[in-house]
Each structure stands twice: as structure tokens, then as C-alpha cells.
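Single-structure report; data block below.
In the working numbering, the protein residues as written are -6 to 953.
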């Protein structure tokens, strides 16, 4: 009886095992000692099978074949390597630039090439345009990079183009005028081309950092308009294309942003030369000359005043606009990314993204939009102006590749890869043609969109509501599948709680290990060592995070591949559900759930026999697509954030910031599907690998390969070092203090770490003095810092090197204030009219006594423009009004009227009004930069960039 019972028990056990093999996980099957025949569950449960179980037991047990750990390791390594190489190739891919000569000489060859490369776009065009045949359909009205690149060359040979300079406001404007005249003369009879030069005056509140007033006068805009000549053929709903042609100090500004202006000129040329009507909506092309220092050119177009006798504000062509495309640049060519979309007053962007989907080379991501709007990217674009001050719907599109050259001398034509202009030109022209025939008055629903491209091949878009439905459905299905196979008993739910808790612990430990790596690097004096080679961040931070995750899973789940796989998928499903209601970027969790579960079923129920077949099948179905999408995301985030770490301000810790980003992506998105293959490794081996990656491999890479300095000539450390002369006056006009020195504005947080290197060639560095900026309690207003714009949140520490003497008197005398009017009708009211003289870029900071209110008006070019409000910060309990004023090349003073009213009795100690005036001589010439200062800048190492530096005169006044 005992033997019979044992035999029966063994048979029953075998039956349960065979019935249950469809209910285990793939990872469990792979790591079992036996292979599984993948018969349907129904056939395995038949009575005939049950009767024959005893006979099959021996055969079943003989089918043993372990999957070695080395096979799993090699398979996953090959998968990751090939995926990264493939994604990198797709990320770098650019369209073939079109030329005038070879299109005319070899239309058939070019047709074949483009039919192969973009069949979905160009074949459709060839079938729907019958007036030129196939070749004519494809290339009539095509964007030609050769012509656009020629325009780009002619416009950038001007050199540095700071707003307000002769180079910008006169020379560059004349070059645009010449090109527009040529286009107008050669335009077809069906279109009318007009152009105008606008020099507006205005002012507006700019919500950046603590907030400031941006005022301007006489800045330069060049505007062109294309519309059907026949009034019956055109509408009254215009489309705006915008670029800016000014550049930062020291930079030729090829990608930022003359490349976009050249693209717009070619689009205008292509459309104007069409012999037949291809658009009905008017197209306005705005080439604005004042973006870099406060978005003033765009505001001048939509809200500025050109003629003080004219009541309307804004250019006449800005009155009937419905949609805009803002073309920008923050890198060195490559592919441009769609990173913001707005529906204007309706907030609906679906129809706009449908226009973008017409682009042959889509590249965009809603995560970039949310990061930008959340303030993670320390930049701003004209997109804000058209959205906030005109209420237009529009898209923000910018080059981001090779972001290290942004705002440096390397932002030049030679750094722009061939195909870059073709990429933006093809996309923008396709959108303009689509929008040019669209009824722009029919869009009224209010819905945000989820959007992302797939390797630049196509764009996926759907509404936020649809996204919520999809995400919730997928998360619930994933949880349901796991519970269905795992069981509904109370004990099972305790297991699920263990899964959830262990995965949260795993992710926390993985991120913590990456944070430890960052702390070690910081403590060793190696800030952001991956700066020039962003892919190394995957090794420095991603590899330790991955090993730590596998190790903790192995400990918490007792080396069970089944439990590790279930835990990762279950927690990811819950995370997807939670984040769905927080961010539109929750879509990033979809691939690993969808393909992971499909891959699981595909491997288990479609494959038979050998475990290695099951494993390879699962990897192919379940992991390749998620790994491709997550790698693509990592490359995009690297393009955006790594160069930004060199200009994010004194408070940014690059190792912590980017290390945690990489760790989070690797741990939460990349590893959960792959970790189960390795959790049954010996824990001592995993721990050894972890320690070796942190304390051996990383030091070998950082100390041996990268070295102490993470910068190179074309990936430089940015140094803004100003030659500053500061003079402080008493209320009677007598000088109470003066000083002269080099003022370091540390836009790179790791400037301090490089002082020992600087001191090797620059002996003055040993005398550097740190100044901690506690803006609310500084001795002087705004801590005596002559910033261009408020930076109280990003810059908390600066450096000062005292210098003998002072700046030339010609510069000092050019910056001054005169009190034109000072009347006091009563003891509680004071009226002041102040006149300020300075260069094209001037800042004025005003701070009245705490118990006094100020009503401030700027008077320029015969216009009186009120200052809307004060900044968010206080100085010694006093309000602070920050005003930046940029003017054109015509010299004129600024008048500011200040009406002060006492609101309550209070302490009358301290001056009634404190005033800081700073004149910023951004256009560096022998007249504005002393030989000593120039020599000082030239002695910095080749891996630094000091081009965005200038001379500045700051004067502090008091009115009692």
C-alpha cells in the first residue's frame, strides 16, 4: 500500500506538474532542469493523458537540459550591444541633401533613391500630382539644401550678431533684404510676396526665475508675407514661421539660429516659385533680431509699437494669425526635435500634431515638452511669446544634437552635418503645405496630446484621455494576467505584496547605488566625467544599478526567476496606473508590459522543446522592442541634458542629476524583463560583480581613460568672466566706494573644481574670492551683481578677482543716471523722472522703501510703458523691480518715471529709493575690452570657452 500510495502520489505530482507548466513564468521554465513540450493545456488535462502519465514519467524526466548562465549572459549582452548600435545609427541618420544640379541632371535616379527611403511620403505625392510626371511630382516644390546652405553661409559670414549692434541691425538686415528682393522678383504670378523691416518699441513681464520686465526700443525685425495674388483664392487666417538671427556674445550663431532663418528663406523661395496654387492661407515669415536677451523681437512683432501715431500695437501682419511654427536651435545641426505644442486659447493640439505627422522625418517626445515646461531646461524660446501674448496655437521645434557647441564659437556652419537643413526643411515645408490649405477656424476642443516618434520613422499621437484609457487598460490587464496565473487565494496576495515591496526596495537600492557612485565621483574631484562621452554614463551608473537590482531580487525572492519576473511586471503595471494621472509621459512603461506579456505567451505556447529556444524567442518578442524604445529615450535625454549640465548654474550637481536619470531608466524600464535570467546566479558572484563595477571598473574608466578633466575643445567648460567696474554713490552724488575686478558668473557648477588647473597658466586665480549670494540680505542691492537677467534661483555663488585701476573712463562715463524731475507735492508722495544712459544692453534695478509703493513707467521712443509688477524676491524687506532694456543701434536714453506713495507709517531709516544701473558692453571690441582683460581670457586652457564674457559698468545710486 505504501509503495502504491507513493506511486500514485508521484503520478499525481507529475500530472500537476505537467498541467501547471502553462501557469509558471517563462523565466521559471527556462531555468528548470527539464525542457517542456508545449502541448495545449486542454489536451494535457484529458483522461487518456492521465492514464498514460506513469508510462511517460521516465521519458519526461530524461528530457533534461540546463540553460547555462553563460548562455543567458551572452544572449543578453549581444541583445543590448546590437540594440544600442542600431538605435545609435537610427538616431544619427539624416536625409540625403538635395542639390540643384543633380536633380536637374538625374531626376530618375533621385526619384528611385527617395522612393526607397521614404516610400510612404513620396509615392503618395507622385500618385497625386500629375502635372510634372513622377519626377516632377517628387521634386517640384522640394526643399533644396544646397540653396539653403548657401544662404546660411552668406548670413553667418557677418560673424557675431548681438542685438543692437551694427552687424545685426544693419548688415544682416540688408542681407535679408537682398535675398527677399530676389525672391520677390522671381516669384510666380500666382503669389504675392511682400517684405518689411520693423523696428518696434515695447515692454512686457517675463516670468523667468524671480521675474523681470523686458523692455526694448528700435530693435530690428525683418518680416515677409506670401499669399495668393487673387483675393478670392486666399483666406484671412495666417500662418507664422519664426526664427531669430541675433546670436549670443562670442558665437557666430549658425545653428542658434541662422540655420532656421535659412530654412525659412528656402521655404519661401520654394513656395513663391510654384507655378500653381499650393496654399490658400497667408504665410508670414518673421526673422526677428532680438531673441537671445529676452525674447524681445517676437514680442515686438505681436505687441510692439512701430509708429507712435498708430493706435494699434503689433505689426499689421500679426493681426490675423492663427497658428505658428517656431524654429529654433540649441546644438550643432542634426535632427530637430518637436518639444512643445500649444493649442493657444483652446489648448487643443491634436490637429497641430496631425500636421506634424505629415513630416517625412518626425522626431518629438511629450517628455521633452514636460521637462521644458517644468523648468528642467534652463532656456526659453519665442514659443512663449506667441502662446502667452497672442494666444496662438503652435509648435516649438529645435535642433538639439551636439549641444556642446550651443552659444560658443563652435556654433558655425562647418559643424552642421549635411542633411541637417534638409531634415528641418522637409518637415517644415510639409507642415506649411498641410496648414496652408487647412481651415484654421474649426478647432475648438480642449485636449492635451501624448506624442512620441518611433526611431524617426513615424509619430504616434493620441489624446490625453485616450492615453489614460490605454494605460489603465494595459495596467489592469497585466495585473489580471499575473493574478490569474498566480492564484486568488489570500496567501497569493501576500506574495503579490512581497513582489511589490521587493521591487520598490530593488529600485531604491539601484538608484541608491548610482547615487553612491555619484558621491564617490564628486568626492574624488571628478565632476560629470561622462560630459564628453555621454554613453559612458550607462557604464558608470547604469551597470551598477542593474547588478544591484539583480542582487537584491536574488536575496528578497530567494533566487527565483519566476518571482523576479512577476515582481517586475506587477510593480511596473501598478506604476503605469499611478503615473498615468500625473504625466503624459507614462507611455514609456507600455512597451515592457505589452511585449513582455506577449513574449511570455509566445514563447510558452508557440515554441516546443529546448529551453534555449524558449529563451531566445522571449528575448526576440518580449525584450527587443522595449529595449529599443528605452535606448532611444536614453539617447534623446543624453542629447538634451548632458550639454545642459555645463550651463545649468552653480546649484546643479551633474553626477547626481544625470546619474539618477540613467539609474531610474535602467532599473524601471530596461532591467525588469531581463533580471529574471540572472537572479539564480550565486549571490557572492553578483556581489563581487557589483563591487568590481563600482570600485574597479568605474575607477579604471574615470581615472585611466577619461582623466581629471571631462572637457575637450569642442565640448568645453563655459566660463563667463566679466571685467566689472563698480561705483557706489551717496544720495548727494559723492562716491562712497568703488572697485574693479573680474567677476566670474559660474554657469557651470564645477568651475570651483577646475581652479587648480586654471592656476597653472593664470596666476591671478590664486587671489579669487568667493561671494555667496544671499539676495535678500546682501549689503548692497542685488548683491552688486550686474546680471543680464534675474538668476537668483540658479546662481548662488560667484567669484571675484580684484584688479587695479578701473575700466577706461570712456566706458564709465557712457553709463550714468540723471535725475530730471524730483517733486514732492505731499509728505506721502514723491515723483521722480530718471534718465539712464548706457550701451545697447542695460539693466536697471529699483528698490523703494518697504512702506512705500512704486508706480513705474518706462518712457522710450515717445511711448510710455508701465512696469507691471515687482519680482518675487525681496531685499531687506523691500520690493525689487528688475528691468532689462535692449535697444537697437540708434543711441537713445531711457527715461523711467517713478511715483512713490507712502502706504503706511513705518521706519524711515534707509534711502527712499535704491537704484542699480548696469551697462553691459556685450559686443567685445578693442574699444570695450582692455588688453589686460583680453590677455586674461586668452590664457585659459583650450578646453574652456570664455567667449561669452564682456565688460560691464555698474553704478549704485541712492535717493533719500
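All C-beta atoms, glycine included, are put in the ideal place defined by N, C-alpha and C.
Around the beta-carbon of residue 887, 16 or more other beta-carbon atoms lie within 10 Å, marking it buried. A distance below 6 Å between beta-carbons, with the five flanking residues on each side excluded, links residue 721 to the following residues of its chain, in chain order: 729, 730, 949. Beyond the five residues adjoining it in sequence on each side, residue 241 comes within less than 7 Å, by CB distance, of 285, 400, 941 in the same chain, given in chain order. Rounded to the nearest whole angstrom, the C-alpha separation of residue 391 and residue 254 is 12 Å.
In chain order, 904, 951, 952, 953 place their CB closer than 7 Å to the CB of residue 724, counting only its own chain and leaving out the 5 sequence neighbours on each side. Distance between residue 501 and residue 354, taken at the CA atoms: about 38 Å. With distances taken between CA atoms, residue 915 lies nearest to 154 out of 154, 94, 65, 144.
Considering only 320, 280, 388, the residue with the shortest C-alpha distance to residue 418 is 320. Contact annotation: residue 393 and residue 326 have beta-carbon atoms that are not nearer than 8 Å. In the three-state reduction of the DSSP assignment, residue 489 falls in the helix class. If you compare the alpha carbons of 498, 316, 351 with that of residue 337, the shortest gap goes to 316. Nearest in C-alpha terms to residue 660, of all of 567, 505, 577, 758, is 505.
Excluding the 5 residues flanking it on each side, residue 161 has same chain C-beta neighbours closer than 6 Å at 154, 239, 282, in chain order.
Residue 948: member of the beta strand (DSSP E) spanning 944 to 952, first to last residue. Two segments are said to touch when three or more pairs of C-beta atoms, one from each, lie closer than 8 Å; by this definition the segment 830 to 849 touches the segment 874 to 882. With contacts defined by Cβ atoms closer than 8 Å, residue 265 and residue 379 do not form a contacting pair. Contact between residue 222 and residue 183 holds, with the beta-carbon distance rounding to 6 Å and staying under 8 Å. Residue nearest to residue 794 within the set 774, 759, 824, 777 is 759 (criterion: CA-CA distance).
The three-state reading of DSSP puts residue 183 in coil, since its state is none of H, G, I, E or B. For residue 523 and residue 790, the gap between their C-alpha atoms comes out near 24 Å. The straight-line gap separating the alpha-carbon atoms of residue 753 and residue 202 is approximately 36 Å. If you draw a straight line from the Cα of residue 762 to the Cα of residue 717, it comes to about 15 Å. In the structure shown, residue 293 adopts helical secondary structure according to DSSP, grouped into three states.
Between the beta-carbon of residue 687 and that of residue 537 there is about 5 Å, and that keeps the pair under the 8 Å contact cut. Put simply, of 382, 896, 843, 862 the residue whose alpha carbon is nearest the alpha carbon of residue 902 is 843.
Here the segment 403 to 422 lies against the segment 133 to 144, with 3 or more beta-carbon pairs under 8 Å apart.
For the pair residue 445 and residue 235, the Cα-to-Cα distance works out to about 23 Å.
Exposed is the label assigned to residue 696, since fewer than 16 other Cβ atoms lie within 10 Å of its Cβ.
A straight line joining the alpha-carbon of residue 165 with that of residue 535 spans about 47 Å. Unbroken alpha helix (DSSP H) stretches of 4 residues or longer found wholly inside the segment 525 to 584: 536 to 549, 554 to 572, given in chain order. Looking at the backbone, the Cα of residue 757 and that of residue 295 are separated by about 48 Å. The shortest C-alpha to C-alpha distance from residue 158 to any of 211, 186, 190, 177 is the one to 211.
For the pair residue 871 and residue 215, the Cα-to-Cα distance works out to about 41 Å. It is roughly 10 Å from the alpha-carbon of residue 342 to the alpha-carbon of residue 333. Residue 583 sits close to residue 467, with the two beta carbons spaced by under 8 Å.
Taken through DSSP and simplified to helix, strand or coil, residue 936 comes out as coil.
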